[in-house]
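In the numbering used here, the protein residues as written are 108 to 331.
One structure below.
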Ligand SMILES: [Zn+2]
């Protein structure tokens, strides 16, 4: 479990000690585990905003809690609403900007990455009148290049990013976080990579390992 506190922001990446998806996990356990998340954050009345994640590039602007529709990113400046992303190998990305207090969460597997999720984020930030340089971005636990075996068809989606694909023992491996960082770095240097592989670390749910449960990436701005 990784809990970071910076000013009014709390950022949380859970691990496999807490299954948290209503969609795939055991309902009684999930209910109990969400209470544990609330205790962990010290927010008993935690309100959350979440998506039906569809591996695309839509980012929703959140003004109220609850279901936000279909998409793979949430962005907000509302106090007291936690933005939540569910993952098991895809990369959870949390970010905030201190002056405007804009913050958000992304669910980034190869499909959102190939279809412009990062570019959409940077565009949305710029349109809000914020210089993306000022963003602080955290890449949470996800599948690393040690375990992310892919096909040639996937590599072909990333023209110009060939150096993030490595051949080993006749297989091709993708450094997904490398591509994310490369895309972000054109705009901002303040990127913090929690360098943990969900598949081989043993402490996280991994879709590729056969887990159906999900962990979360969560960011909330505390009320003043
Ligand atoms: Zn690994």
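Glycine included, every Cβ here is placed at the ideal spot set by N, Cα and C.
Please state whether DSSP places residue i in a helix, a strand or coil.
i, result
"residue 303", "coil"
"residue 312", "coil"
"residue 199", "strand"
"residue 276", "coil"
"residue 331", "coil"
"residue 129", "coil"
"residue 123", "coil"
"residue 154", "strand"
"residue 113", "strand"
"residue 265", "coil"
"residue 221", "helix"
"residue 286", "helix"
"residue 257", "strand"
"residue 191", "strand"
Buried or exposed for residue i, please, with buried defined as at least 16 other CB atoms from any protein chain shown within 10 angstroms of its CB.
i, result
"residue 273", "exposed"
"residue 121", "buried"
"residue 117", "buried"
"residue 126", "buried"
"residue 142", "exposed"
"residue 82", "No answer is possible for residue 82: the residues shown for the chain start at 108 and end at 331."
"residue 129", "exposed"
"residue 293", "exposed"
"residue 321", "buried"
"residue 138", "exposed"
"residue 291", "buried"
"residue 183", "buried"
"residue 340", "Missing from the structure shown is residue 340; the chain here goes from 108 to 331 and no further."
"residue 234", "exposed"
Would you mind stating whether residue i and residue j have Cβ atoms separated by less than 8 Å?
i, j, result
"residue 181", "residue 147", "no"
"residue 326", "residue 203", "yes"
"residue 287", "residue 215", "yes"
"residue 131", "residue 275", "no"
"residue 295", "residue 261", "no"
"residue 250", "residue 283", "yes"
"residue 213", "residue 200", "yes"
"residue 313", "residue 195", "yes"
"residue 323", "residue 174", "no"
Can we say the stretch 251-267 touches the stretch 204-216, given the rule of at least three CB pairs closer than 8 Å? No, they do not touch.
Pair every Cβ in the stretch 158-176 with every Cβ in the stretch 294-304, then say whether three or more of these pairs are closer than 8 Å. No, because fewer than three Cβ pairs between the stretch 158-176 and the stretch 294-304 fall closer than 8 Å, the two stretches do not touch.
State whether the stretch 161-175 contacts the stretch 214-228, with contact taken as three or more CB pairs (one from each stretch) at a distance under 8 Å. At 8 Å Cβ cutoff, the stretches touch.
For ligand 1, list every residue whose C-beta falls under 5 Å from any of its heavy atoms, going in chain order. With the cut-off at 5 Å, the residues found are 251, 253, 254, 304, 306 and 307.
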